[in-house]
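Protein chains: 2
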Amino acid sequence: MGTMNLQCPMPKFDFEVINLGHGSGGLLTNKLLEAGVFGVLKNPLLDTHHDGAVLQLTGPTAFSTDSFVVSPVFFPGGNIGELAVNGTVNDLAMCGAAAQYLSLAFILEEGLPMTEFWEILTSVKTAAERAGVQVVTGDTKVVERGKGDKIFINTTGIGAIHPKADISMSRVKTGDRIIVSGPIATHGIAIMSVREGLEFETTLQSDTANLNHTILQLIDVFGPAIHLLRDPTRGGLATVLNEIARDARCGVEIHQRQIPMLEEVGGACELLGLDPLYVANEGVFIAVVEEQFAGAVLDRLRKLDFGAEAQIVGEIVEAHPRQVVLHSEIGGRRVVNMLAGEQLPRIC
Amino acid sequence: MGTMNLQCPMPKFDFEVINLGHGSGGLLTNKLLEAGVFGVLKNPLLDTHHDGAVLQLTGPTAFSTDSFVVSPVFFPGGNIGELAVNGTVNDLAMCGAAAQYLSLAFILEEGLPMTEFWEILTSVKTAAERAGVQVVTGDTKVVERGKGDKIFINTTGIGAIHPKADISMSRVKTGDRIIVSGPIATHGIAIMSVREGLEFETTLQSDTANLNHTILQLIDVFGPAIHLLRDPTRGGLATVLNEIARDARCGVEIHQRQIPMLEEVGGACELLGLDPLYVANEGVFIAVVEEQFAGAVLDRLRKLDFGAEAQIVGEIVEAHPRQVVLHSEIGGRRVVNMLAGEQLPRIC
Numbered sequence: 015m016g017t018m019n020l021q022c023p024m025p026k027f028d029f030e031v032i033n034l035g036h037g038s039g040g041l042l043t044n045k046l047l048e049a050g051v052f053g054v055l056k057n058p059l060l061d062t063h064h065d066g067a068v069l070q071l072t073g074p075t076a077f078s079t080d081s082f083v084v085s086p087v088f089f090p091g092g093n094i095g096e097l098a099v100n101g102t103v104n105d106l107a108m109c110g111a112a113a114q115y116l117s118l119a120f121i122l123e124e125g126l127p128m129t130e131f132w133e134i135l136t137s138v139k140t141a142a143e144r145a146g147v148q149v150v151t152g153d154t155k156v157v158e159r160g161k162g163d164k165i166f167i168n169t170t171g172i173g174a175i176h177p178k179a180d181i182s183m184s185r186v187k188t189g190d191r192i193i194v195s196g197p198i199a200t201h202g203i204a205i206m207s208v209r210e211g212l213e214f215e216t217t218l219q220s221d222t223a224n225l226n227h228t229i230l231q232l233i234d235v236f237g238p239a240i241h242l243l244r245d246p247t248r249g250g251l252a253t254v255l256n257e258i259a260r261d262a263r264c265g266v267e268i269h270q271r272q273i274p275m276l277e278e279v280g281g282a283c284e285l286l287g288l289d290p291l292y293v294a295n296e297g298v299f300i301a302v303v304e305e306q307f308a309g310a311v312l313d314r315l316r317k318l319d320f321g322a323e324a325q326i327v328g329e330i331v332e333a334h335p336r337q338v339v340l341h342s343e344i345g346g347r348r349v350v351n352m353l354a355g356e357q358l359p360r361i362c
Numbered sequence: 015m016g017t018m019n020l021q022c023p024m025p026k027f028d029f030e031v032i033n034l035g036h037g038s039g040g041l042l043t044n045k046l047l048e049a050g051v052f053g054v055l056k057n058p059l060l061d062t063h064h065d066g067a068v069l070q071l072t073g074p075t076a077f078s079t080d081s082f083v084v085s086p087v088f089f090p091g092g093n094i095g096e097l098a099v100n101g102t103v104n105d106l107a108m109c110g111a112a113a114q115y116l117s118l119a120f121i122l123e124e125g126l127p128m129t130e131f132w133e134i135l136t137s138v139k140t141a142a143e144r145a146g147v148q149v150v151t152g153d154t155k156v157v158e159r160g161k162g163d164k165i166f167i168n169t170t171g172i173g174a175i176h177p178k179a180d181i182s183m184s185r186v187k188t189g190d191r192i193i194v195s196g197p198i199a200t201h202g203i204a205i206m207s208v209r210e211g212l213e214f215e216t217t218l219q220s221d222t223a224n225l226n227h228t229i230l231q232l233i234d235v236f237g238p239a240i241h242l243l244r245d246p247t248r249g250g251l252a253t254v255l256n257e258i259a260r261d262a263r264c265g266v267e268i269h270q271r272q273i274p275m276l277e278e279v280g281g282a283c284e285l286l287g288l289d290p291l292y293v294a295n296e297g298v299f300i301a302v303v304e305e306q307f308a309g310a311v312l313d314r315l316r317k318l319d320f321g322a323e324a325q326i327v328g329e330i331v332e333a334h335p336r337q338v339v340l341h342s343e344i345g346g347r348r349v350v351n352m353l354a355g356e357q358l359p360r361i362c
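Going down the list, the sequences are from chains Y and P. Numbering-wise (the numbering used here), the first sequence opens with residue 15 and increments by one. Numbering-wise (the numbering used here), the second sequence opens with residue 15 and increments by one.
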């Protein structure tokens, strides 16, 4: 379960586990919120006593939602709380936006230990601080034992779009380079390693991270030279590249040798019979960049958080529209399709 | 399951139930979204191919989230789809805001029949149209059989606050009148009647409704004379009044005789041993109104949608701060506390 956050010791609750009363909207819900959620996440905008928060917004704003159902809830390198914050912060970043405000909604299963809920809450707090986003409104529901799975979290985010950002599928064009910001498949394999009881020489940790500061620094410097940003979470790199090929009506070529991946992740994929191109990522993004700026973007990205191992992995081509073609390390070529079934349910 | 929405016949899917692949982020997720969700909810802003929507917002904006876990998913008078839209639209309305944009996130249980999912989706569409709100971004996750319960929905909403609105707990003051917009406890009893297999002479229907148009018309006319708005959902009227007494540090007095309630709801409450003051509402709101305008607000409200049976049920008093006192029909007085346990789990 990791170590308890020392800055936020758990107050004394007169209950050890979540029960249905905590979702009643009545006294127990109020107790849980006052001592728990609001105690941890305190900020001036988190309106503890109304149905919503009041914000001042101007200009183009990104709006994005994600529900998180990851299993197990605690995994090497993180837990569902920080995943839920980072996930939505990153979705906003992919729109070229700086996350400003988050909503936070819990669906708790009766019987969830308060210690676990507390650890998740403090992770939400830490992740939100790191990303510079405020949790301003929320909701808590409780379902009976066996009708949920410990905890599901929805976060929905709002963020101002950077004035220099001009990111859209329509800007993707032949010659653009495709940058991958870091080693792929780490998150999926970290989760799988717990589920399957795999042991590695070192503990493989999820790459969950907030990418917003990195992204916004790139946009600040390179502005419209960045044509598209995507985070290859569920479905992995292969699925996102296929979506680009389909929606931008272009061909995509990638070079296996160039794709960054940790050695132990590659080994685990072989062991488990998984293609890393389809395995979920959390702290990785793809940037489709104007050809003549690709080198400069790469150099800059390598100096930023989470970008040290970035690579140019391929390019947008006119040939084979709507297809992603992989050049393998041994010189072969193969078409890479979108993820067809489901390899790793509940990875995020 | 009610009748199928004729305006949105279900397309032919090559699967009859939801499976884990629909949450993979890959091909099956894309199929479900393209033919299903985007097909039904189509609008110019619903960006089918990015991680978030881009909005233009200005001025004070309300932001509110709710997850819906109601059981059963289909109930007399509605289903979880319209409940999820109306619930967040109403939370925004209680902030004095006109709902503009919604996010929509599903947690589906493996095995959910597509016909049911389709009916819920079309209800989302209808409810959104009625409320004048656009669903602009979303998410779909799938959990294994037995790790969820058919379908949970999160909606998060954004809406511009009416320029004449001045709604906050700090505006509640001695002498203010408390208006209840319609018969209480209907939603909770409609749900309970299905769960308990109760039969009424007429079918009791949930009062789920979008209150935004009604509220905004009142604000348009009466502006700052409306001090506070709340919707007494979970925890019922008693809990919301207690929150007001606590947070505004005032006393609340209500008169049982004045509280609107359907006769059959009263009967069912007696039969089930439930106090209607604690039973959940969906299409009802409470307005705390400046004394000298209360009569005029009531008259106007009675002419608006969902307000025909509105009543002034009580007032804010200086006596007994933080307490809600009920004057009973037979002349007694009793303190009404916040809901202590949980009478009706998963009512919304």
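Ideal placement from N, C-alpha and C gives every residue a C-beta, glycine not left out.
When DSSP states are grouped into helix, strand and coil, residue 45 (chain Y) belongs to the helix group. In the displayed model, residue 96 (chain Y) falls within a helix according to three-state DSSP.
With respect to residue 339 (chain P), residue 242 (chain P) sits apart: the two C-beta atoms are not nearer than 8 Å. The shortest C-alpha to C-alpha distance from residue 238 (chain P) to any of P:176, P:207, P:291 and P:266 is the one to P:176. Residue 155 (chain P): member of the beta strand (DSSP E) spanning 148 to 157, first to last residue.
The contact set of residue 34 (chain P) on chain Y, defined by CB atoms closer than 8 Å, consists of 356 and 359 in chain order. Residue-level contact by beta carbon holds for residue 352 (chain P) and chain Y, with a gap shorter than 8 Å. Those residues of the stretch 61 to 89 of chain P placed with their C-beta closer than 7 Å to a C-beta in chain Y are 63, 64, 65, 66, 67, 68, 69, 70, 71, 72, 74, 75, 76, 77, 78, 79, 80, 81 and 83, ordered along the chain.
Of the residues assessed, residue 306 (chain P) falls on the exposed side of the cut-off, its CB having fewer than 16 other CB atoms within 10 angstroms.
Contact between residue 342 (chain Y) and residue 282 (chain Y) does not hold, since their C-beta atoms are separated by about 20 Å, which reaches or exceeds 8 Å. Distances from the alpha-carbon of residue 91 (chain Y) to those of Y:201, Y:174 and Y:73 put Y:201 closest.
Between the C-alpha atoms of residue 32 (chain P) and residue 38 (chain P) there is a straight-line separation of about 12 Å. By the criterion of at least three beta-carbon pairs nearer than 8 Å, the stretch 98 to 113 of chain Y is not in contact with the stretch 173 to 190 of chain P. In the displayed model, residue 263 (chain P) falls within coil according to three-state DSSP, outside both helix and strand. Listed in chain order, the positions of the stretch 144 to 167 of chain Y with a beta carbon within less than 8 Å of a beta carbon of chain P are 150, 151, 152, 153, 155, 156, 157, 158, 160, 161, 162, 163 and 166. Look at residue 295 (chain Y) here: in three-state DSSP terms it is coil, with no helix or strand label.
Residue 56 (chain Y) and residue 337 (chain Y) have their C-alpha atoms spaced approximately 48 Å apart. In the three-state reduction of the DSSP assignment, residue 210 (chain P) falls in the helix class. Secondary structure at residue 348 (chain P): strand, using DSSP grouped into helix, strand and coil. Under the three-state reduction of DSSP, residue 247 (chain P) is assigned to coil, being neither helix nor strand.
Among the residues of chain P, none has a CB under 8 Å from the CB of residue 310 (chain Y); the nearest is roughly 25 Å distant. In the three-state DSSP reduction, residue 325 (chain P) falls in the strand class (E or B). Shown here for residue 54 (chain Y): same chain residues with a beta carbon closer than 7 Å to its own, the five before and five after excluded, namely 22, 135, 136 and 139 in chain order. Nearest to residue 151 (chain Y) by alpha-carbon distance, out of P:45, P:285, P:75 and P:252, is P:75. Residue nearest to residue 286 (chain Y) within the set Y:60, Y:209, Y:154 and Y:258 is Y:209 (criterion: CA-CA distance). In the DSSP secondary-structure assignment, residue 82 (chain Y) is bridged to Y:167.
Scanning P:259, P:95, P:64 and P:80 for the CA closest to the CA of residue 109 (chain Y) turns up P:64. In the DSSP annotation of this structure, the continuous segment of the alpha helix (DSSP H) that includes residue 227 (chain Y) starts and ends at 226 to 236.
A direct Cα-to-Cα measurement between residue 25 (chain Y) and residue 357 (chain P) gives close to 27 Å.
Going by C-alpha positions, residue 163 (chain P) is about 33 Å away from residue 227 (chain P). Taking one beta carbon from each stretch, the stretch 114 to 125 of chain P and the stretch 66 to 86 of chain Y have 3 or more pairs nearer than 8 Å; the two touch. With contacts defined as CB atoms closer than 8 Å, residue 234 (chain P) and residue 298 (chain P) fail to qualify as a contacting pair.
Between the C-alpha atoms of residue 244 (chain P) and residue 192 (chain P) there is a straight-line separation of about 11 Å.
Taken through DSSP and simplified to helix, strand or coil, residue 357 (chain P) comes out as coil.
Beyond the five residues adjoining it in sequence on each side, residue 126 (chain P) comes within less than 8 Å, by CB distance, of 31, 32, 164 and 165 in the same chain, given in chain order. Residue environment for residue 188 (chain Y): exposed (fewer than 16 other C-beta atoms within 10 angstroms of its C-beta).
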